[in-house]
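Position one of the sequence shown corresponds to residue 13 (this note's numbering), numbered consecutively onward.
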Amino acid sequence: MVKCREFFHNILNFVYPPVCPLCDAGVSTHGEFCADCWTAVNWIDGPKCAKCGYPFVSGYEPDGNVLCPTCAAGKSELDWIRSACVYDDASKQIMLPFKHVGKIKYARAMSNAMIWALRDVDVSNIDIVMPVPLAWRRLFHRGYNQASLLAGPIAHVIGVKLDFDSVRRKYRPDMGHKTARQRAENIRGVFRVVHPDKIRGKHILLVDDVMTSGATFSELRRVLMRAGATSVSGVSFCRVVHAI
Ligand SMILES: [Zn+2]
Ligand SMILES: [Zn+2]
């Protein structure tokens with residue numbers, strides 16, 4: 013079986029040689045960024061908050077599990093959150109075309125980076141991987157749910173199913189809300205659990221492309237916990253890092 017898979021893998025590499033999705037430079041494996049593109053991105057690979065994954069300034073090397081001030085004050089709602097990189101000019105070059113210009117060929121490499129971001133958390137208890145739902149109207153216009161494209165390989169690596177349909181999202185125009193409070197108010201009430209039987213008693217991992225204020229994850233967690241979920245964690249490709 014392994015030999016068979018290897019054979020087809022070699023054929024695939026021969027017919028479609030692996031290239032970096034961003035710049036088309038040759039790479040050794042499908043779904044990876046080349047060294048130059050990898051270096052340009054601000055990956056979260058240094059010390060970070062053990063709970064929400066907030067990256068600490070470089071040079072700070074805490075001993076053991078240290079929490080950021082928000083988590084230390086008990087204000088983080090998800091069990092844990094991890095993100096692969098910081099949202100900045102470099103990661104925008106990946107994120108924005110992926111989300112708005114149909115560059116879905118970036119998905120596999122982004123997803124692999126998110127799997128890498130999960131390296132220091134225990135995912136053995138996760139039962140369901142759930143991409144953050146998109147409202148039907150947005151799905152119709154965009155043609156794809158970008159979070160779903162990222163979630164597939166993550167669910168595969170963890171060895172659990174994807175859940176696309178237990179939660180629906182109402183369409184609400186993006187008003188360009190700036191503050192965390194405005195974002196939280198705008199997202200409140202947009203999610204509705206339609207299959208609570210699939211949620212009850214489950215440990216759920218949410219997947220999104222970008223985490224801005226964390227309001228989307230928090231609101232989704234609120235409705236999932238109310239529907240009987242046991243725990244909710246999250247992973248995003250990138251995250252906005254505010255000074256705290
Ligand atoms: Zn490249
Ligand atoms: Zn934290």
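Note that beta-carbon positions come from the ideal geometry of N, C-alpha and C, so glycine has one too.
Tell me where the alpha helix (DSSP H) around Arg238 begins and ends. Ala227 to Arg238
According to DSSP, residues forming a beta bridge with Arg150: Paired residues: none, contrary to the question.
Give the C-beta separation of Val247 and Val219 to the nearest angstrom, bearing in mind that I take them to be a contact with Cβ-Cβ under 8 Å. 6 Å between Cβ atoms; contact.
8 Å Cβ shell around Pro109 - same chain, five flanking residues per side excluded: Lys115 and Tyr118
Taking the alpha carbon of Asp209 as the point to measure from, which residue in Asp175, Tyr183 and Ala227 has its own alpha carbon closest? Asp175
Ignoring anything shorter than 4 residues, give me the alpha helix (DSSP H) runs that lie fully in the region 16 to 104, in order along the chain. 47 to 52 and 81 to 84
Backbone secondary structure at Ile106 - three-state DSSP: helix
Tell me Leu130's beta-bridge partners as DSSP assigns them. DSSP output for Leu130 lists no bridge partner at all.
If we ignore side chains and look at the alpha-carbon of each, how far apart do Thr76 and Trp148 end up? Per the sequence presented here, residue 76 reads as Gly, with Thr not at that position. Distance between the alpha carbons of Gly76 and Trp148 is about 44 Å.
Can you find a heavy atom of ligand 1 that lies under 7 Å from the Cβ of Phe45? yes
Straight-line Cα distance separating Ser40 from Tyr28: Computed Cα separation, rounded: 12 Å.
Selection from Arg193, Met107, Val253 and Ala129 that minimises the alpha carbon distance to Pro33: Met107
Taking the alpha-carbon of Arg244 as reference, which of Val252, Leu151, Phe229 and His254 has the nearest alpha-carbon? Here residue 244 turns out to be Val, not Arg, going by the sequence shown. Comparing Cα positions, the closest option is Phe229.
Bridge partner(s) assigned by DSSP for Lys173: Ile140
From this set, Ala192, Gly164 and Arg212, which residue's C-alpha is nearest Ser178's C-alpha? Arg212
In or out: Ala85 buried (at least 16 other Cβ within 10 Å) or exposed? exposed
What is the chain-ordered set of residues for which the beta carbon lies under 5 Å from any non-hydrogen atom of ligand 2? If you measure from each CB to the nearest heavy atom of ligand 2, the residues under 5 Å come out as Cys61, Lys63, Cys64, Tyr66, Cys80 and Cys83.
Give the DSSP bridge partners of Gly246, in chain order. Ile93 and Leu218
Do Ile127 and Val169 have their CB atoms nearer than 8 Å? yes
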